[in-house]
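Anchor point for the sequence shown: position 178 equals 423 in the working numbering, and the numbering is continuous, going up by one each time. Just below is one structure, and these are the notes that go with it.
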Amino acid sequence: MDNNFYVKEKGLLIVISGPSGAGKGTVCKELLKQMKNLAVSVSATTREPRNGEIEGVNYYFLNKGNFLDMIGNNEFLEYAKVYDNYYGTPKTPVLDMLDTGVDVILEIDIQGAAQVRANYPDGIYIFVVPPSIKELEKRITERGTESKEQLSKRMDCAYDEIRNAANYSYIVINEKVPVAAYQIASIITAEKCRSERLESKIEEILGR
Ligand code: 5GP
Numbered sequence: 246m247d248n249n250f251y252v253k254e255k256g257l258l259i260v261i262s263g264p265s266g267a268g269k270g271t272v273c274k275e276l277l278k279q280m281k282n283l284a285v286s287v288s289a290t291t292r293e294p295r296n297g298e299i300e301g302v303n304y305y306f307l308n309k310g311n312f313l314d315m316i317g318n319n320e321f322l323e324y325a326k327v328y329d330n331y332y333g334t335p336k337t338p339v340l341d342m343l344d345t346g347v348d349v350i351l352e353i354d355i356q357g358a359a360q361v362r363a364n365y366p367d368g369i370y371i372f373v374v375p376p377s378i379k380e381l382e383k384r385i386t387e388r389g390t391e392s393k394e395q396l397s398k399r400m401d402c403a404y405d406e407i408r409n410a411a412n413y414s415y416i417v418i419n420e421k422v423p424v425a426a427y428q429i430a431s432i433i434t435a436e437k438c439r440s441e442r443l444e445s446k447i448e449e450i451l452g453r
């Protein structure tokens, strides 16, 4: 699907949050298959790479010193400490993509999303939830990447995060990945058709 059908100007900023294990990453991968002109921002983190994670693809893996330097140089669009590690969105690549008309997804936690919202109220804020807490625990356990202690930390945070869902404009329940991706694609498509985003297009149609 070509998601730049009307707006040839700036891309849309799409923020996706949800508890660890809700399947945001998998849904975003599926979404990239369904929609053109869309990119997922690569975050920086101080967390250790998991098996199979690739530098520059999944994350930029930094040590704490380098991360703090980037904070000092104002190189992040947002950053937060999540489960004892720092995570942040490098600013320049995101702004460059938006400028060239590419829609950009930030897959970030609720603290980071609040920072972005303060600067980009125009963004699209989507919260992804699992069908149940039990299913969430099952998904994290099956992923096998977290220790028992990390799992229990992530489960505690999940309750707090899900309570925040109402602060987002859209909620997507990820029961089946293709359906959740289709729902997000539909949200993006509908947002592109909002009248306030198409004022200049109407002027163009009127030949003004
Ligand atoms: P994980 O360690 O499972 O990859 O990610 C842990 C949490 O950090 C997830 O909720 C994820 O959305 C969040 N996260 C990933 N990248 C960023 C980022 O750049 N900024 C913020 N604020 N959170 C992020």
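Idealized CB from N, CA, C, for every residue including glycine. No experiment lies behind these values; they were computed from the predicted model shown.
Inset, instruction - Alpha carbon to alpha carbon, how far is K393 from I350? Give it in angstroms, no decimals. - result: 30 angstroms
Inset, instruction - Could you tell me which of A325, V260, V347, Y324 sits nearest to K281, measuring between CA atoms? - result: V347
Inset, instruction - Leaving out five residues on either side along the sequence, give the residues of the same chain with a beta carbon under 7 angstroms from the beta carbon of A325. - result: Y332, D354, Q356, G357
Inset, instruction - May I ask you to report which of helix, strand or coil DSSP gives D344? - result: helix
Inset, instruction - Go through its chain and collect everything with a Cβ distance to L276's Cβ below 8 angstroms, but skip five positions before and after it. - result: L283, I350, A426, I429, A430
Legend entry - For Y370 and Y304, the rounded distance between their alpha carbons: 22 angstroms
Legend entry - Start and end residues, alpha helix (DSSP H) containing T434: 422 to 437
Legend entry - Straight-line gap, A359 to E323 (C-alpha atoms, nearest Å): 9 angstroms
Legend entry - P335, DSSP secondary structure in three states: strand
Legend entry - From D341, Q279, E382, residue whose alpha carbon lies closest to that of V424: Q279
Inset, instruction - Compute the Euclidean distance between the alpha carbons of G289 and L307, then round it to the nearest angstrom. - result: Before going further, note that residue 289 is Ala rather than Gly in the sequence given. Rounded to the nearest angstrom, the two C-alpha atoms are 7 angstroms apart.
Inset, instruction - Flag this pair as yes or no: are the beta carbons of Y328 and R384 separated by less than 9 angstroms? - result: no
Legend entry - 8 angstroms CB neighbourhood of R388 in its chain, flanking five on each side removed: G266
Inset, instruction - Look at the alpha carbon of P338 and the alpha carbon of E444, and state the distance between them as a whole number of angstroms. - result: 27 angstroms
Inset, instruction - Using the DSSP secondary-structure output, state which residues sit across from K326 in a beta bridge. - result: Y331
Inset, instruction - Answer yes or no: the CB of T290 versus the heavy atoms of ligand 1, is any distance below 8 angstroms? - result: yes
Legend entry - The beta strand (DSSP E) enclosing P386, as first and last residue numbers: For the record, residue 386 in the displayed sequence is Thr; it is not Pro. T386 -> not in any beta strand (DSSP E); alpha helix (DSSP H) instead, spanning 378 to 388.
Legend entry - A289 - partner residues in DSSP beta bridges: Y305, G333
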